[in-house]
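Trainee:
Numbering (mature numbering (1 follows the signal peptide of the UniProt record, and there is no 0)), first residue to last: -23 to -1, 1 to 192.
Printed below as a string of C-alpha cells:
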C-alpha cells in the first residue's frame, strides 16, 4: 500500500507541474468544517470499536491550474484538526486532538461552463504539528490511548487519498466553490504498538474563493 501511494504521489506531481506553463492559474482560500470518524482494534482479532470523532474548522491556501478539455489540477496547503473521544462503561475516558498541515494534490474534472459541477480526486500527505490531550483519565485497555504527552511518541507522517464533489460558479476572473470531501488515512499515529490498528477518516464541508492570476 505504501508503494502504491508513493507511485500516486509521483504521478500527480509530474502531471501537475508538466502542465503549469499552459494553464490558467487561480489562487485562493478554502474554509469550512471537518468531521472526524475514528475506529480502532485493541488487539489482533478483536472487533473494531468506533469512538466519537470531533468537529473542527479547517483552512487552506489553494493553487488551481485549469487545463483544456474541462480538466485541471490543484495543490493545497491545509490546516486540519482531527481527533477522538473514547470512554469506558462508566464514562471515564480520553480525548486527543491532532493538528496537521495537510497537502492534497488533486486532479479536477468539470462539467459545465460558468456554473460547473466538479469532481476532485488524488493523494494527500501531511505532517503532525501537535497532539493535544483534552482529557486523559484512563490507561485501561478498554479505552483508546491518548497521544498528547511527549512519551506517547505519535507518528508524524500522514498520507492517504482524498476525493470530493461540488459546484463552482465563475464570475469573470473570480470563482466560488462549494464542496464536500472525504479522506481516508493510511498513516497511523500509534508509534508504540499500544493498540493493533487505528483508522481515521474525515468528511469536510467547505467554501472556496479563487482569483485568476494567470490567463
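All residues carry an ideal CB built from backbone N, CA and C; glycine is no exception.
Quick one: using the 10 Å Cβ neighbour count with 16 as the cut-off for buried, is residue 128 buried or exposed?
Mentor: Residue 128 is exposed by the Cβ-count criterion.
Trainee: Assign residue 99 to one of three DSSP states: helix, strand, or coil.
Mentor: Strand.
Trainee: Helix, strand or coil for residue 9 per DSSP?
Mentor: Note: residue 9 maps to strand in three-state DSSP.
Trainee: Distance, Cα to Cα, residue 73 vs residue 149?
Mentor: Cα to Cα, the separation comes out at about 44 Å.
Trainee: With distances taken Cα to Cα, identify the nearest neighbour of residue 183 among 145, 8, 160.
Mentor: When only C-alpha atoms are compared, the closest one is 8.
Trainee: Given residue 80, which residues of its chain have a CB within under 8 Å of its CB, disregarding the five upstream and five downstream residues?
Mentor: Hits under 8 Å: 52, 53, 54, 55, 101, 102, 103.
Trainee: To the nearest angstrom, how far is the alpha carbon of residue 113 from that of residue 126?
Mentor: Answer to the nearest angstrom: the Cα atoms are 10 Å apart.
Trainee: Once you ignore the five residues that flank residue 58 on each side, which residues in its own chain have a CB closer than 6 Å to its CB?
Mentor: Once the five neighbours on either side are set aside, the close Cβ partners of residue 58 are 33, 74, 76.
Trainee: What's the call for residue 158, buried or exposed, on a 16-neighbour Cβ count within 10 Å?
Mentor: Residue 158 comes out buried.
Trainee: Where residue -3 and residue 189 are concerned, what is the direct C-alpha to C-alpha distance, given to the nearest angstrom?
Mentor: At residue -3, the pLDDT of 46 sits below 50, so the modelled position is not reliable; the number obtained from the coordinates is stated separately. The straight-line gap from Cα to Cα measures roughly 14 Å.
Trainee: Tell me the DSSP secondary structure of residue 127 in three-state form.
Mentor: Of the three classes helix, strand and coil, the one that applies to residue 127 here is helix, per DSSP.
Trainee: For residue 184, does the three-state DSSP call read helix, strand or coil?
Mentor: Residue 184 falls in the strand class under three-state DSSP.
Trainee: Using the rule of at least 16 other Cβ atoms within 10 Å of the residue's Cβ for burial, across every protein chain shown, is residue 181 buried or exposed?
Mentor: Buried, because 16 or more other Cβ atoms sit within 10 Å of the Cβ of residue 181.
Trainee: Put residue -3 into one of helix, strand or coil per three-state DSSP.
Mentor: Per-residue confidence for residue -3 stands at a pLDDT of 46, beneath the threshold of 50, marking its modelled position as unreliable; the derived number appears in the next sentence. Three-state result, residue -3: helix.
Trainee: Here's a check: name, in chain order, each residue in its chain whose Cβ is nearer than 6 Å to the Cβ of residue 109, leaving out the five neighbours to either side.
Mentor: Result list for residue 109: 74, 125, in chain order.
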